[in-house]
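In numbering that gives the first Met the number 0, the protein residues as written are 0 to 504.
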Amino acid sequence: MIGIIDFGSQYTQLIARRIRELKFYCEILHHQTKLEELKAKGVKVIILSGGPGHVSNNQLNFDVRILKSDFYILGICYGMQLIAKVFGGKVSHGKIREYGKTIFYPDKKEKIFKNLKNETVVWMSHWDYVSKIPQNFEIIGKTENIEISAIKDKDGKIYGIQFHPEVVHTEEGKKVLKNFLLDICKLTPNWNSFSMVKKIEEEIKEKVGNKRVICGLSGGIDSSLLSIILNNVCGKNSLSIFVNNGFLRKNEPEQIINFFENKVNFKYIDASKTFLEKIRNVEDPEEKRKIIGNTFIEIFEKEGENFGAEFLAQGTLYPDVIESISPFKGPSARIKTHHNVGGLPEKMKFKLVEPFKFLFKDEIRKIARKFNLPDFIINRHPFPGPGLAVRIIGPVTEERLEILREADIIVEEEIKKADLYNKIWQAFAVLLPVKSVGIMGDKRTYANVIAIRIVKSKDGMTADWVKIQYKVLEKISNRIVNEVKEVNRVVYDITSKPPATIEWE
Ligand code: XMP
Numbered sequence: 000m001i002g003i004i005d006f007g008s009q010y011t012q013l014i015a016r017r018i019r020e021l022k023f024y025c026e027i028l029h030h031q032t033k034l035e036e037l038k039a040k041g042v043k044v045i046i047l048s049g050g051p052g053h054v055s056n057n058q059l060n061f062d063v064r065i066l067k068s069d070f071y072i073l074g075i076c077y078g079m080q081l082i083a084k085v086f087g088g089k090v091s092h093g094k095i096r097e098y099g100k101t102i103f104y105p106d107k108k109e110k111i112f113k114n115l116k117n118e119t120v121v122w123m124s125h126w127d128y129v130s131k132i133p134q135n136f137e138i139i140g141k142t143e144n145i146e147i148s149a150i151k152d153k154d155g156k157i158y159g160i161q162f163h164p165e166v167v168h169t170e171e172g173k174k175v176l177k178n179f180l181l182d183i184c185k186l187t188p189n190w191n192s193f194s195m196v197k198k199i200e201e202e203i204k205e206k207v208g209n210k211r212v213i214c215g216l217s218g219g220i221d222s223s224l225l226s227i228i229l230n231n232v233c234g235k236n237s238l239s240i241f242v243n244n245g246f247l248r249k250n251e252p253e254q255i256i257n258f259f260e261n262k263v264n265f266k267y268i269d270a271s272k273t274f275l276e277k278i279r280n281v282e283d284p285e286e287k288r289k290i291i292g293n294t295f296i297e298i299f300e301k302e303g304e305n306f307g308a309e310f311l312a313q314g315t316l317y318p319d320v321i322e323s324i325s326p327f328k329g330p331s332a333r334i335k336t337h338h339n340v341g342g343l344p345e346k347m348k349f350k351l352v353e354p355f356k357f358l359f360k361d362e363i364r365k366i367a368r369k370f371n372l373p374d375f376i377i378n379r380h381p382f383p384g385p386g387l388a389v390r391i392i393g394p395v396t397e398e399r400l401e402i403l404r405e406a407d408i409i410v411e412e413e414i415k416k417a418d419l420y421n422k423i424w425q426a427f428a429v430l431l432p433v434k435s436v437g438i439m440g441d442k443r444t445y446a447n448v449i450a451i452r453i454v455k456s457k458d459g460m461t462a463d464w465v466k467i468q469y470k471v472l473e474k475i476s477n478r479i480v481n482e483v484k485e486v487n488r489v490v491y492d493i494t495s496k497p498p499a500t501i502e503w504e
């Protein structure tokens, strides 16, 4: 097993992703993990991440015994400086920061740089640099600015590189990681979807055993896959509960029911009236979100008890777990209370099983394909747990839900027709709390306004509005005003995130 020790670099997750892409299993570990824990976990190879700190004061309380044990070690940026410092070299503070693309001259005799070009572009981001190497180490690469840009110890087990091989701008970065893991550590690349599924199943078996487990099924990829795997492992002892809160998109409940009802131990609960009654006069977005979240919890608690469940399975993914490992990350301000069915809160009475918590989203997609989940699940755009309720600005009523549902399906259809659906993050309609004057067939109208939101994003944290072709917008607009009663105006949202958020509420 490969352990990545996280010193707070913004790229740590990327190290893990690259290594897994190379088909090696790795985990990101807390910077204060002790030597004994690494041994107990069966770690053989250590990668030390970059980080914003200075190595001079070991402010992170890193267990330096780790470096003097018998692991293969690769230190990246801060990690290399740490190696130099611990073994008696010197780390100095640079006058200028070496930042961005830089030419690196590798020592081509070194296995770690096998098949690299003589001059290769790497990504640098550092002030501090190694100004003197420790005894028993040698220099194996330099850049125009820095003489000591890569080092190794004479036994050939400990390596340090000042650049970031995990970043795509380092053109041959993946090769460096591969050389290190294959040729130096002699690991076998065997991490694939089969081993991922095996690990998930083992975790479920070990935790749940013969007890009963429920999972909230939303039709999103995580909870859908979870539901299928739970059913395979626990059979009738697992129950997938699909709650219709009344805020789903057109045809969505039918699609989910059709696909799952004969595949897993499945329960459908139509709670749309209950949800709607609870938020009928609520205007405040946070209030809406809280009421909807709490209503979900009440339903799951009741259903779980009826089923005799001791466990609740959740589709928590690795990035959420990594957040809690990384140093220097303070709690960020709450912008809105996110909620989704697969991620019911921990305060519920059940014990949690989170068998995806070592996986990235793209790994989930790979497994989902292996399980033949349909396209409408695998490639579905993200959809908030509170659903259309947070896309109707102001109070939610049956009539307004109907208007939004009809407008929303038109957006989806036209985006698919224009072959854009899989190229963007989200495309949806929002119903605004204003009416505007229009004219239709010589008659004055006074009707609703729909806003269209279409964004590109990598992870939902930031997003750009899509400069979509006018003819697609035109088609969407024409269809909405012609086909959806009570709408006479369509506007396009041209705000990115930040400063706006993706959803309006
Ligand atoms: P915001 O509006 O915060 O949204 O910019 C970022 C991404 O998250 C989705 N979103 C949610 N997803 N439960 C979810 O599972 C929620 O409560 C929720 N609220 C927003 C949103 O659609 C966007 O992709």
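Even for Gly, the Cβ is constructed at its ideal location relative to N, Cα and C. Model, not experiment: these values are computed from the prediction.
Residue i versus the options, residue with shortest Cα-Cα distance
{"i": "Leu13", "options": "Lys38, Glu36 and Gly49", "result": "Gly49"}
{"i": "Glu97", "options": "Phe162, Phe259 and Leu115", "result": "Phe162"}
{"i": "Pro432", "options": "Arg443, Ile423, Lys442 and Asn447", "result": "Asn447"}
{"i": "Ser194", "options": "Leu472, Tyr24 and Thr494", "result": "Tyr24"}
{"i": "His125", "options": "Phe136, Asp106 and Val90", "result": "Val90"}
{"i": "Ile449", "options": "Val483, Thr461 and Lys496", "result": "Val483"}
{"i": "Ile268", "options": "Glu285, Phe258, Val242 and Arg248", "result": "Val242"}
{"i": "Ile278", "options": "Pro164, Ile290 and Glu285", "result": "Ile290"}
{"i": "Tyr317", "options": "Met0, Leu28, Ser8 and Phe6", "result": "Leu28"}
{"i": "Arg64", "options": "Asn114, Gly384 and Glu35", "result": "Glu35"}
{"i": "Tyr10", "options": "Glu398, Lys198 and Pro51", "result": "Pro51"}
{"i": "Lys266", "options": "Ile256, Asn280, Ile240 and Glu282", "result": "Ile240"}
{"i": "Gly41", "options": "Tyr71, Ser55 and His380", "result": "Tyr71"}
{"i": "Glu411", "options": "Arg478, Glu253, Gly459 and Gly159", "result": "Arg478"}
{"i": "Tyr158", "options": "Thr142, Glu171, Trp190 and Phe112", "result": "Phe112"}
For residue i, the residue or residues it bridges with in DSSP
{"i": "Thr119", "result": "Phe103"}
{"i": "Glu97", "result": "His125"}
{"i": "Gln506", "result": "Because the chain here runs from 0 to 504, residue 506 falls outside it and cannot be looked at."}
{"i": "Gln425", "result": "Val454"}
{"i": "Cys214", "result": "Ser239 and Ala312"}
{"i": "Thr142", "result": "Phe103"}
{"i": "His92", "result": "Asp127"}
{"i": "His266", "result": "In the sequence as presented, His is not what sits at residue 266; that position holds Lys. Bridge partners of Lys266: Ile240."}
Inter-residue Cα distance where the pair is residue i and residue j
{"i": "Lys346", "j": "Arg390", "result": "27 Å"}
{"i": "Asn293", "j": "Phe274", "result": "10 Å"}
{"i": "Glu504", "j": "Glu405", "result": "20 Å"}
{"i": "Pro330", "j": "Val232", "result": "Reliability fails at Pro330, whose pLDDT of 43 lies under 50, so the model's placement of it is uncertain and the value that follows must be treated cautiously. About 37 Å."}
{"i": "Leu238", "j": "Asp361", "result": "26 Å"}
{"i": "Asn209", "j": "Lys350", "result": "14 Å"}
{"i": "Ile501", "j": "Lys185", "result": "46 Å"}
{"i": "Pro133", "j": "Val85", "result": "9 Å"}
{"i": "Phe246", "j": "Leu387", "result": "5 Å"}
{"i": "Ile45", "j": "His30", "result": "12 Å"}
{"i": "Ile145", "j": "Glu137", "result": "15 Å"}
{"i": "Arg506", "j": "Trp122", "result": "A question about residue 506 goes unanswered here, because the residues of the chain that appear run from 0 up to 504."}
{"i": "Asn264", "j": "Glu485", "result": "41 Å"}
{"i": "Val166", "j": "Val395", "result": "45 Å"}
{"i": "Lys434", "j": "Ala308", "result": "48 Å"}
{"i": "Lys153", "j": "Ile139", "result": "11 Å"}
{"i": "Met439", "j": "Glu473", "result": "17 Å"}
{"i": "Ile4", "j": "Thr32", "result": "8 Å"}
{"i": "Ile377", "j": "His92", "result": "48 Å"}
{"i": "Phe359", "j": "Asn487", "result": "43 Å"}
Residue i burial status per 10 Å Cβ neighbour count (16 or more: buried)
{"i": "Glu251", "result": "buried"}
{"i": "Gln58", "result": "exposed"}
{"i": "Arg19", "result": "buried"}
{"i": "Ser476", "result": "buried"}
{"i": "Asp182", "result": "exposed"}
{"i": "Asn261", "result": "exposed"}
{"i": "Gly234", "result": "exposed"}
{"i": "Gly303", "result": "buried"}
{"i": "Val129", "result": "buried"}
{"i": "Ser325", "result": "buried"}
{"i": "Lys110", "result": "exposed"}
Any non-hydrogen atom of the ligand NAD within 8 Å of residue i CB
{"i": "Gln134", "result": "By its list of ligands, the structure shown excludes the ligand NAD, since it contains just the ligand XMP."}
Count the CB pairs spanning the segment 412-426 and the segment 450-466 that are closer than 8 Å, and state whether there are at least three. Because the criterion of three Cβ pairs below 8 Å is met, the segment 412-426 and the segment 450-466 touch.
Is it a yes or a no for the segment 303-319 touching the segment 213-226, going by three-plus beta-carbon pairs under 8 Å? Under the Cβ criterion (8 Å, minimum of three pairs), the segment 303-319 counts as touching the segment 213-226.
Given 8 Å as the limit, is there contact between the segment 196-211 and the segment 352-372, that is, 3 or more CB pairs closer than that? With a cut-off of 8 Å, the segment 352-372 and the segment 196-211 count as touching, because enough Cβ pairs lie within range.
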